[in-house]
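Enquirer: Our numbering applies: residue 1364 is where the sequence shown begins, and numbers increase by one.
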Amino acid sequence: MASTYIKDETGTFIPASQRPDGTWRKQRRVKDGYIPQEEVPLYESKGKQLIKKPLYPVGASPEFIAEHKAKLEALAAKNKVIPGTQTKTQEGSKKKKKKNKSKTVEPVAEGLSKIMISEPEFHKEVPTHTDKPLSTAKQTTTNNITKDNSSTLSQKTTIEPQKRLKNLRKKIREIEVLEDKIKTGALKNPDKEILDKIRRKIEISKEIKRLEAL
């Protein structure tokens, strides 16, 4: 029930009212637009609102409602499966799956039956790969290692003189270039390092002859 408001030049008031026990409530001053608590609409969720919403349009005849209910009940009864019973479609699907499964298992079982499991033979002797005694084989290995080492050392001895000979010849060519520059005047004031390098020409030439004689 809506409350009666009193308005005057000072504002809006709720008039005094009597409680059920006979006592009186005082007059209260409120702001404009105030809504008493008992008049505030209660919040309802969407689900609750849908439940309260009528199933049939307003003004629908009882015959239309009865016919619609009968259709819904018939549809629910058709879709309902009684416990312990199955539809023909479900039975056919299960039979098909069972048949496919048996087809898959049969070839596997047949293949397994053809496999023969043989027991391991522990009594057979392991054949030896050589008739030579252990000491002879060891001696052969040692000789092979010695030959390999000798061959490597020989190759190293041959390579090192050739490499050194190449480096010495390069130094001789560099010295001869410096000598030509001094003679032509291109290098007028050679420093001590260049002069020392030129003085070693004779020594380097002797070393080249020694290596070439090897």
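Where is the CB? At the ideal position from N, CA and C, for every residue including glycine.
What are the boundary residues of the alpha helix (DSSP H) that R1562 is part of?
Expert: Reading the sequence shown from its first residue, position 199 is the one you call residue 1562. Start and end: K1555 to R1562.
Enquirer: Rounded to whole angstroms, what is the Cα-Cα separation between D1395 and K1434?
Expert: Translated into positions along the sequence shown, residue 1395 becomes position 32. Translated into positions along the sequence shown, residue 1434 becomes position 71. Roughly 54 angstroms separates the two Cα atoms.
Enquirer: What is the DSSP secondary structure of R1382, reduced to helix, strand or coil?
Expert: Working through the sequence shown from its first residue, we reach residue 1382 at position 19. Note: R1382 maps to coil in three-state DSSP.
Enquirer: Please report the straight-line C-alpha distance between R1532 and K1555, rounded to a whole angstrom.
Expert: Along the sequence shown, read from residue 1 onward, the residue named residue 1532 stands at position 169. Along the sequence shown, read from residue 1 onward, the residue named residue 1555 stands at position 192. Distance between the alpha carbons of R1532 and K1555 is about 22 angstroms.
Enquirer: Hey, would you say R1392 sits closer than 8 angstroms to G1374, going by beta carbons?
Expert: Locating residue 1392 in the sequence shown gives position 29, counting from the first residue. Locating residue 1374 in the sequence shown gives position 11, counting from the first residue. Result yes, Cβ atoms of R1392 and G1374 sit closer than 8 angstroms.
Enquirer: Check whether the Cβ atoms of I1567 and I1535 lie closer than 8 angstroms to each other.
Expert: By 1-based counting over the sequence shown, the position of residue 1567 is 204. By 1-based counting over the sequence shown, the position of residue 1535 is 172. For I1567 and I1535, yes; Cβs fall inside 8 angstroms.
Enquirer: Which same chain residues end up closer than 7 angstroms to L1574 when comparing Cβ atoms and leaving out the 5 residues on each side of it in sequence?
Expert: In the sequence shown, residue 1574 corresponds to position 211, counting from 1. Correct list, in chain order: P1524, R1527 and L1528.
Enquirer: Taking the Cβ atom as the reference point for each residue, do K1564 and I1538 lie within a distance shorter than 8 angstroms?
Expert: Here residue 1564 corresponds to residue number 201 of the sequence shown, with the count starting at 1. Here residue 1538 corresponds to residue number 175 of the sequence shown, with the count starting at 1. For K1564 and I1538, yes; Cβs fall inside 8 angstroms.
Enquirer: What does DSSP give as the partner residue(s) for G1374 in the beta ladder?
Expert: What you label residue 1374 is simply residue 11 of the sequence shown in a count that begins at 1. Per DSSP, D1371.
Enquirer: Quick one: what's V1393 bridged to in DSSP?
Expert: Here residue 1393 is taken as the residue at index 30 of the sequence shown, counted from 1. In the DSSP output, where bridge partners are listed per residue, V1393 has T1375.
Enquirer: A1437 lies in the alpha helix (DSSP H); which residues open and close that run?
Expert: The residue labelled residue 1437 in the question sits at position 74 within the sequence shown. P1425 to N1442 is the span of the alpha helix (DSSP H), which, as asked, contains A1437.
Enquirer: By DSSP, does P1524 sit in helix, in strand, or in coil?
Expert: Here residue 1524 corresponds to residue number 161 of the sequence shown, with the count starting at 1. In this structure, P1524 counts as helix in the three-state DSSP scheme.
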